[in-house]
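Only one structure is covered here, and it is reproduced in the block below.
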Amino acid sequence: MKKWYRWQDYVTVAAGLFTAVAVLFTRQQSMSTTLMLVFGGLLVVSGIINLAMPGTPAMEYVQAILAAGLVLSPWLGTYTGATGAAWTSWIAGAVALVVTAVAIKPSTDVRRTYRVSH
1 MKKWYRWQDY
11 VTVAAGLFTA
21 VAVLFTRQQS
31 MSTTLMLVFG
41 GLLVVSGIIN
51 LAMPGTPAME
61 YVQAILAAGL
71 VLSPWLGTYT
81 GATGAAWTSW
91 IAGAVALVVT
101 AVAIKPSTDV
111 RRTYRVSH
């Protein structure tokens, strides 16, 4: 699998970047700023790692956990009342979770194909 090629990772990076930047133009409440910046930034970093090193299924699972954390963050951070921040977290997290789920199988297949024998 080529580096810097998978569209799923570009979508995840865009979702993370949008989440992190959304703190500037959405009404924030409680822990929303912190959680959106942390999960958005970590999604960007995990997406870039997956783009640079395709075929690492463990990183795909980490990325899925981060995306699920972003989906759950409005409830965990008690900012469901800040509709802009909450909807941004739910939608961006769901998008990242779906595209990461789509990317897990190809990543696992590449990992099996290119195993180094001893």
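Heads up: the sequence shown at position 18 corresponds to 18 in full-length UniProt numbering, and the numbers run straight through without jumps. Backbone N, C-alpha and C define an ideal beta-carbon position, used for all residues, glycine too.
At least 3 beta-carbon pairs within less than 8 angstroms: the region 7-16 vs the region 28-37: For the pair of segments examined, the region 7-16 was found not to touch the region 28-37: the number of CB pairs separated by less than 8 angstroms stays below three.
Do you know whose CA, among G81, S30, L76 and Q8, lies nearest A64's CA? Position 64 of the sequence shown, counting from 1, holds the residue named residue 64. For A64, the nearest C-alpha among the options comes from Q8.
Taking 8 angstroms as the threshold, find out whether the region 17-29 comes into contact with the region 81-92 through three or more Cβ pairs. Three or more pairs of CB atoms, one per stretch, sit closer than 8 angstroms, so the region 17-29 contacts the region 81-92.
Given a threshold of 16 other Cβ atoms within 10 Å of its Cβ, counted over all protein chains shown, does M59 qualify as buried or as exposed? Position 59 of the sequence shown holds residue 59. It is buried - the Cβ of M59 has at least 16 other Cβ atoms within 10 Å.
Starting from S73, follow the alpha helix (DSSP H) in both directions and report where the run begins and ends. Here residue 73 is taken as the residue at index 73 of the sequence shown, counted from 1. Note, S73: alpha helix (DSSP H), P57 to L76.
Sequence-distant residues of the same chain with beta carbon closer than 8 angstroms to V62, five excluded per side: Along the sequence shown, read from residue 1 onward, the residue named residue 62 stands at position 62. Same-chain partners within the cutoff: S46.
Exposure of residue 119, with buried meaning 16 or more beta-carbon neighbours within 10 Å: The chain is shown only over 1 to 118; residue 119 falls outside these bounds and no answer can be derived.
With a CB to CB cut of under 6 angstroms and the five nearest residues on each side skipped, what residues in its chain are close to L70? Within the sequence shown, residue 70 is the residue found at index 70, counting from 1. Here the set comprises F39, S89 and G93.
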